[in-house]
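S.K.: First the structure, which I've put down as structure tokens, then a few questions once you've had a look.
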Amino acid sequence: MNEEEQKRIAVFLEISADDFLSRFCEERNGIIYVRTGEDNFCIFYQRGKGCAIHPVKPGRCSLWPYYNANINDEETWDMAKWACRGINRECSFEEFVRQSETGER
Ligand code: SF4
């Protein structure tokens, strides 16, 4: 997450940016990530409810599943479809690529 994303989430959670960083984030190789919980899921993921910070979630999360790896490789797209319950498994690779090109989602 960049600083703007961190501040946006902190405001949403009604805590300071420093609090957000210390309670919910970790740094790896100079990059700030949302921490994972003991279940290895994102700390903001709520089973049965989804993302607890959905309106302000990081840009990378908003982009999913329209990542280059999925757009450029059908096998990767197929794996993503089966790994992520949020993806429509009926969606063909061709349709997915078309959506990524048109911005239609
Ligand atoms: S959308 Fe992003 S922030 Fe929200 S639960 Fe999933 S990984 Fe976490």
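For the sequence shown, position 13 matches number 13 in this note's numbering, and the numbering has no gaps at all.
Just so you know, even glycine gets a beta-carbon here, dropped at the ideal spot from N, CA and C.
1) When every heavy atom of ligand 1 is checked, does at least one fall within less than 7 Å of the C-beta of residue 34?
2) Is any heavy atom in ligand 1 found nearer than 7 Å to the beta carbon of residue 87?
3) Between the region 11-22 and the region 48-60, can you find at least three pairs of beta-carbon atoms closer than 8 Å?
4) Indicate, with yes or no, if ligand 1 has a heavy atom lying under 7 Å from the CB of residue 58.
5) Taking 7 Å as the limit between beta carbons, can you name the residues of its chain near residue 7, skipping five residues before and five after?
6) Run the CB neighbour count on residue 41, radius 10 Å, all protein chains shown included, and call it buried at 16 or more, exposed below.
7) Taking Cβ to Cβ, would you say residue 5 is nearer than 8 Å to residue 58?
8) In the structure shown, what three-state DSSP assignment does residue 90 receive?
M.R.: In short:
1) The sequence position of residue 34 within the sequence shown is 34, counting from 1. Under cutoff, so the answer is yes.
2) Numbered from its first residue, the sequence shown carries residue 87 at position 87. Every heavy atom of ligand 1 is 7 Å or more from the Cβ of residue 87, so no.
3) yes
4) The residue labelled residue 58 in the question sits at position 58 within the sequence shown. Indeed, a heavy atom of ligand 1 lies less than 7 Å from the Cβ.
5) Here residue 7 refers to the residue found at position 7 of the sequence shown. Hits under 7 Å: 17.
6) Locating residue 41 in the sequence shown gives position 41, where the first residue counts as 1. Looking at its Cβ environment, which holds fewer than 16 other Cβ atoms inside 10 Å, residue 41 is exposed.
7) Within the sequence shown, numbered from 1, the residue matching residue 5 stands at position 5. Within the sequence shown, numbered from 1, the residue matching residue 58 stands at position 58. Inclusion of residue 5 and residue 58 in the CB contact set at 8 Å is warranted, their separation being smaller than that value.
8) Along the sequence shown, one-based indexing puts residue 90 at 90. Per DSSP, reduced to three states, the secondary structure at residue 90 is coil, with no helix or strand assignment.
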